[in-house]
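Chains as they are written, first to last, in UniProt numbering: chain A, 1 to 299; chain B, 1 to 299; chain C, 1 to 299; chain D, 1 to 299; chain E, 1 to 299; chain F, 1 to 299.
Beta carbons are placed, not taken as given, at the ideal position from N, Cα and C, and that holds for glycine.
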């Protein structure tokens with residue numbers, strides 16, 4: 001991410017305090033991102049007193065990103081039968097016992113900030129992106145699952161599905177640098193695997209093939225972009241850097257760095273001579289450039 | 001809306017108190033609609049004591065439509081970190097400082113009542129339609145956005161997305177007389193513009209084209225009808241009175257008063273000789289009459 | 001459901017207490033399922049103290065399935081203006097005055113457990129499946145509708161739509177043995193009818209055809225499977241045992257035991273010689289076996 | 001209670017619906033009081049829309065006094081760890097299994113209405129008198145105690161002490177026709193017994209004598225009046241119809257129909273020739289008529 | 001209040017921003033006090049991030065003392081059946097329609113700050129003093145009472161009694177410049193009148209004399225000090241500047257600027273030659289200086 | 001405490017698991033008490049399913065006494081503007097950074113269990129005794145006070161005063177082994193000091209003498225017993241092992257191991273030859289044995 005982009009989001013003199021990217025060697029990415037978030041929240045609390053209470057409660061009163069996120073998730077996901085204090089304990093403990101959970105948080109924050117032009121600040125993502133929050137909560141539920149604490153993992157999945165309308169089975173494995181944009185309606189099945197630096201729009205399904213137990217959900221390679229409403233079913237492989245068009249229904253493997261579109265899905269350029277692209281679509285978030293090559297597409 | 005239709009929904013003698021439409025010249029549309037809502041709520045509170053507490057809290061104890069709606073939205077959208085009293089203040093102040101917000105409320109109420117046969121009463125829409133409530137809350141968040149109160153606008157967007165599963169960027173511009181039917185999963189991007197008297201079903205996306213900043217979302221003309229699950233991407237124009245079939249994926253402009261269907265979307269009648277219709281589909285809500293002309297459609 | 005499958009989910013010695021299926025003649029299916037749920041919850045409470053409070057509150061402190069479900073739904077669906085105690089009263093009274101509501105609960109629990117390989121236990125379904133909970137709450141709202149308590153039925157529909165993102169009109173009629181898998185975004189219109197033993201994935205719409213009042217929504221036969229994101233519009237009939245592919249848009253009748261796929265939807269095998277299958281797809285949950293016969297499908 | 005007094009509290013025409021006292025033979029006292037409460041609440045809901053929601057939720061939506069009181073107590077005494085639905089269940093079940101609890105409710109309502117000139121209506125007492133509510137909740141906790149459900153009884157005592165600042169041990173036995181006026185700070189120990197038709201002001205202590213287990217708290221006879229701030233300690237007997245002056249400290253038996261005042265307490269008229277009164281002071285609520293006979297009292 | 005005292009409470013440089021007392025002629029006392037409160041809250045929010053969310057929500061996000069207090073009281077006094085938004089409306093409307101309510105708020109803030117050495121700041125009083133908050137809420141309930149909105153006034157009294165353990169009948173009239181110190185257990189009857197600049201400690205009762213309707217409660221003159229636990233009963237007059245010792249029981253008039261102590265209460269110096277004092281005891285809060293003249297007092 | 005007393009409270013076979021007192025040398029008093037509490041809660045959860053959810057949430061799901069207490073206090077003291085998660089953080093951090101806070105908790109638990117015959121178990125005290133909970137929360141507020149975090153300390157004091165009706169200034173110093181029995185209405189001023197092993201009944205005031213800043217509150221020696229409603233004012237000293245009778249008003253020093261009673265208070269036996277006792281009254285909780293020596297006391 002170019003430092004300039006970040007700095008230009010500053011409004012008024014407070015922005016001058018924002019540290020530049022990349023952080024100096026002496027500083028970790030986590031501490032740099034956390035410093036950014038604090039500076040943004042300070043700036044926003046000053047300019048918008050009506051939001052200051054929320055910003056202090058969720059960000060500015062906390063000593064670390066882990067505590068801030070644990071606090072925010074606990075208050076988002078609690079219910080009258082699952083108390084916020086119980087969830088806070090759970091998140092705090094998970095984050096402190098599994099530092100990789102927090103490095104994934106940082107990677108996702110950088111990914112969202114980098115790829116989504118509507119993301120004005122790290123704190124905006126941390127506080128408001130339901131896709132980001134759902135993924136972080138999923139990682140904790142996955143962590144519980146791997147520790148054989150399955151009933152608790154499933155209860156957490158249920159809260160995420162209720163609150164964010166994002167339904168990810170605790171057993172699903174998800175990489176780092178994930179952008180779940182808008183996120184409503186995303187469904188990810190039990191044996192699905194999502195690589196690193198993947199971007200997934202809302203209403204995307206990574207579903208199974210029936211009632212058979214076993215490995216039955218898609219495997220998504222690194223750098224894949226999946227457009228809104230795409231449905232990918234079965235234990236198939238979406239190759240690295242592939243792009244799945246919005247609304248596509250995909251039931252067979254998609255080769256790397258190709259684009260599949262339509263219902264039923266076809267490769268742009270055809271099965272035998274698919275048009276290969278060099279960029280990583282999850283980075284460019286380019287949803288629509290293929291349309292001149294999409295032979296069926298006529299209006 | 002024919003007065004008859006409204007009056008026939010009355011149940012029992014209380015309906016006799018419902019004023020007729022159009023209101024007499026001495027009365028504004030707002031006061032007429034508000035009187036309807038009060039009469040409906042009175043009737044329902046009498047016939048259903050279990051609901052009376054809810055109806056008094058949300059409607060019958062308030063002196064105006066603006067207060068009732070502010071109260072209801074505040075209690076719907078509040079969370080443990082964004083108090084209902086804070087949101088109530090925000091909505092009250094927005095409605096009183098921007099009267100056009102309330103005239104849009106009235107126009108939407110009339111639109112829903114007119115177009116949706118499942119809408120039994122104005123109060124049903126005011127209290128229960130998540131699409132209606134999401135749009136009114138969005139208008140306030142848009143109002144904040146235009147006043148450069150962006151962090152608060154984004155926090156409000158986030159609450160709307162959590163509670164109603166409707167995700168509209170605060171910068172998006174939306175006309176009057178809008179019906180967002182069922183509404184779950186609707187996503188509207190930052191530079192999208194929606195005209196007047198538009199009807200949009202659930203799972204509809206007005207999305208962008210990638211990570212480039214700038215004008216990148218669809219422009220929807222007046223009187224357009226967008227079917228369930230349609231995905232419209234990019235800075236394209238859906239012409240006045242056009243109809244987008246359910247599940248369509250649209251990436252190029254659609255001419256006025258034509259129908260686009262399918263994934264990829266095509267014009268009914270073909271690109272060169274599309275079948276033009278005269279009615280406003282957002283009014284007729286006619287989703288399916290084109291099927292005899294849809295050449296690909298075979299079962 | 002083979003008893004073995006159930007028993008193998010037991011973890012440790014507590015599983016030994018799980019009764020076998022089918023229940024002995026002296027026991028009803030309801031009491032057998034309830035005993036299962038209690039045993040599962042006991043086992044989970046013992047192995048996971050962090051969840052024990054939740055399990056005691058929702059299951060283990062209750063004398064019957066009806067009370068447990070009424071309690072859980074009341075606490076899920078309550079809001080600051082619709083108190084949990086009010087909803088609890090409503091559910092308790094509905095369940096005790098309409099025993100068929102509880103027999104449908106049991107049938108749905110058996111269906112979910114049988115068909116969904118991700119469903120590890122009855123209690124998991126009872127507590128965590130938003131589709132299951134939405135259907136049970138819908139049945140109560142339908143019960144109110146048939147008693148002409150329409151405003152209360154509509155208020156309940158609204159809460160279900162907010163909390164579970166499942167929007168089922170109270171007038172819609174739904175059979176027994178229903179699996180609403182993942183469920184987010186399901187919309188079912190006023191005059192829709194769903195038969196017995198139907199499986200419906202998320203984002204499925206059973207929608208109307210326009211603003212005309214009257215019978216305008218689909219009729220779904222017994223044993224139908226509807227894939228994720230399918231949109232079925234109008235007063236059409238989906239024949240018994242038919243299968244609707246994910247993402248399909250269906251506007252005309254589908255014959256029994258055939259498969260319709262695509263947007264626009266076509267019958268696999270063609271209109272005149274559709275490939276008929278013998279199994280009940282709602283049982284097998286087989287989403288994808290048709291693809292070798294789907295002539296358009298190429299990647 | 002003269003019927004006239006009750007009827008004169010009616011405001012406007014709604015009062016005409018209030019039934020007269022005593023009820024006709026065909027009606028129980030409970031149904032008469034409940035009809036009164038409903039009529040009062042209707043009248044108040046009509047004249048005060050801001051309170052109507054509260055009145056419908058707590059009174060007007062309920063079919064019986066028992067349900068209304070169970071609902072109100074559950075919502076008053078609930079906490080984030082003791083859910084209102086759980087308490088509602090508990091109160092409902094106690095009231096239905098022990099009808100004497102409801103007849104005591106009725107007797108107390110009549111007592112408060114009769115004796116307290118500030119009590120404008122039965123519904124005022126039912127909804128707003130913390131002493132009344134504390135006593136009814138205590139009766140349930142006593143009921144649990146006698147069934148050997150001690151931990152639950154003690155948890156309920158704790159909630160009553162937190163919410164109403166009234167601390168009555170579940171084992172204490174309390175008669176009918178009790179007025180606990182203002183009630184804040186009342187403490188009643190484990191082996192205390194309170195007769196029928198007793199009136200007790202706030203800050204009154206019926207305390208023990210030390211750490212010895214056993215019968216160690218006061219026994220209060222029928223018709224006794226205990227003034228504000230009086231402290232009565234030890235297994236002593238306050239005779240029927242006795243009066244204890246405000247602020248008195250009483251450590252020895254008080255004979256029937258005498259008045260004890262002061263710290264240390266003395267009998268008005270002296271130990272050997274105490275002034276006996278004929279009226280029941282708990283009925284007259286006469287706190288101060290003794291002062292002309294109180295020899296120490298000089299200002 | 002000497003300006004010095006106020007200024008010396010400042011901690012660090014932020015205190016430099018605190019305006020001096022008395023305010024310049026161009027500024028009202030209300031705006032001066034409000035500026036103080038804002039400055040204090042800013043200082044505290046900066047030095048204590050854990051409290052900043054609370055301080056922004058209750059003070060710093062509000063444009064006026066009236067809104068801040070309305071917000072704080074609404075969130076303190078709300079319950080599951082009396083929503084905070086409803087109470088907020090009520091307080092906002094009362095404060096804006098009755099400016100004298102706010103001038104009484106200011107007078108009380110100055111009184112507490114002046115008289116109570118434990119009161120470190122105006123904001124401490126505004127936010128934390130249950131006696132102060134109870135009195136302000138009572139003034140609103142009294143305002144409702146005088147407008148004949150009695151059921152609402154009584155419901156508000158009940159909430160004040162539950163939350164603050166302060167029970168003041170809505171009809172009681174209370175002057176300005178009141179200090180209710182600690183406040184727990186204070187009871188003030190229907191026909192009581194309290195003058196200006198009165199200081200009342202906790203557990204004080206201004207009670208009635210029995211069940212007779214009519215003027216039956218004490219009248220407290222200006223500048224009176226009533227010690228902890230004092231019980232004053234009947235329609236008697238406590239003369240201007242009188243002092244009532246802690247734990248006293250007073251049943252007859254007390255002359256101005258005299259001291260009554262004990263149970264039964266006697267005048268210090270005797271009935272015929274009482275020791276008169278010149279200072280206003282409510283100002284000096286001098287509870288104990290009389291003891292050398294209290295002939296009975298021996299340890 | 002005799003081990004026998006504790007063990008005899010066991011009900012049924014679960015009691016067999018209760019460890020004996022004193023703990024073996026290898027075990028700390030804290031771990032022994034915590035084991036007791038867990039065993040009691042297990043026993044109660046088994047015998048009373050309706051309470052099991054509460055017991056798991058507050059006790060059985062926690063790994064230590066500190067976490068259990070922090071959780072319970074946070075959920076007791078939270079409000080809509082002071083979130084439970086914030087308070088939980090505060091208590092957790094205070095307990096872990098100041099181990100003496102937990103050793104005081106243990107000492108108080110042992111004191112209550114030893115001295116109060118109504119205290120059936122340690123868990124009963126931990127969960128239900130408002131005096132115990134108020135003292136523990138006060139210790140945290142005192143800890144904050146000593147760290148110069150005064151606004152937060154005062155906010156916490158305010159919550160304790162609202163929820164438990166116990167008002168202790170954060171600056172007051174309180175020893176270990178404290179029993180605050182019933183507790184409602186206790187007020188302790190800023191410069192008060194309470195020694196070790198003191199027992200204080202409800203409505204007791206340790207108050208100041210006026211508005212002068214400075215050392216102005218009582219100093220209570222070790223082993224003192226203060227009866228219900230006693231008012232002790234000024235910077236006076238209550239000597240070690242002294243006993244203050246219920247309702248007494250004390251304004252001068254009380255010598256060690258003497259008894260002061262009455263209003264005004266006198267020494268039993270007279271000033272010059274007071275009756276000295278050898279036992280520690282705070283241990284025996286003997287409130288009333290002095291009455292045969294109390295010459296004024298006549299009924």
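For the pair the region 219-231 of chain A and the region 247-266 of chain A, tell me if three or more CB-CB distances fall below 8 Å.
At 8 Å Cβ cutoff, the stretches touch.
Under a three-way DSSP split, which group does residue 37 of chain A fall into?
Residue 37 of chain A falls in the helix class under three-state DSSP.
Note down, in chain order, all residues in the region 133-151 of chain A with a beta-carbon under 7 Å from any beta-carbon belonging to chain B.
Residues: none.
Anything in the region 32-59 of chain A with a Cβ closer than 7 Å to a Cβ of chain E? List those residues in chain order, please.
Correct list: 49, 50, 52, 53, 56, 57.
Once the 5 residues before and after residue 71 of chain D are set aside, which same chain residues still bring their CB inside 7 Å of it?
Residues of the same chain with a CB within less than 7 Å of the CB of residue 71 of chain D, apart from the 5 flanking positions on each side, are 58, 62, 88 in chain order.
For residue 68 of chain F, would you say it is in contact with chain C, using Cβ-to-Cβ distances shorter than 8 Å as the test?
Proximity of residue 68 of chain F to chain C, defined by a Cβ-Cβ separation below 8 Å, is not satisfied.
Please identify the residue among B:84, B:113, B:55 whose C-alpha is closest to the C-alpha of residue 212 of chain C.
Of the candidates B:84, B:113, B:55, the residue whose Cα lies closest to the Cα of residue 212 of chain C is B:113.
If I follow the unbroken beta strand (DSSP E) through residue 207 of chain D, where does it start and stop?
Counting along the chain, the beta strand (DSSP E) containing residue 207 of chain D begins and ends at 205-207.
Is any beta-carbon of chain F found at less than 8 Å from that of residue 229 of chain D?
Judged by the 8 Å Cβ criterion, residue 229 of chain D is in contact with chain F.
By the criterion of Cβ-Cβ separation under 8 Å, what are the contact partners of residue 281 of chain A in chain C?
By Cβ distance, chain C contributes nothing, its closest Cβ being about 16 Å from residue 281 of chain A, past 8 Å.
Per DSSP, which residues does residue 180 of chain A bridge with? Please list them.
Answer is A:200, bridged to residue 180 of chain A.
Residue closest to residue 40 of chain B, alpha-carbon to alpha-carbon, out of B:29, B:56, B:179
Residue B:56 is the option with its Cα nearest to residue 40 of chain B.
Can a CB atom of chain F be found closer than 8 Å to the CB of residue 83 of chain B?
Closer than 8 Å to some Cβ of chain F, the Cβ of residue 83 of chain B qualifies, so yes.
One or two residues paired with residue 135 of chain C in a DSSP bridge
Secondary-structure assignment with DSSP links residue 135 of chain C through no beta bridge to anything.
DSSP puts residue 260 of chain D in a beta bridge; with which residues?
Residue 260 of chain D is bridged to D:244, D:267.
Cα-Cα separation between residue 151 of chain A and residue 34 of chain F, rounded to whole angstroms:
Straight-line Cα distance between these residues: approximately 27 Å.
Which class does residue 116 of chain B belong to by DSSP, given the choice of helix, strand or coil?
Three-state DSSP puts residue 116 of chain B in coil, outside helix and strand.
Under a three-way DSSP split, which group does residue 1 of chain D fall into?
Only weak support is given to the placement of residue 1 of chain D: the predicted model assigns it a pLDDT of 30, under 50, and the question is left unresolved by the model.
Secondary structure at residue 252 of chain C, three-state DSSP: helix, strand or coil?
Correct three-state label for residue 252 of chain C: coil.
If we define contact as Cβ-Cβ less than 8 Å, is residue 71 of chain C a contact residue for chain D?
For residue 71 of chain C, the answer is yes, since a Cβ of chain D falls inside 8 Å of its Cβ.
Buried versus exposed call for residue 28 of chain B [16 or more other C-beta atoms within 10 Å across all chains shown]:
Answer is exposed; the Cβ neighbour count stays below 16.
Cβ of residue 79 of chain F less than 8 Å from any chain C Cβ?
Not one beta carbon of chain C lies nearer than 8 Å to the beta carbon of residue 79 of chain F.
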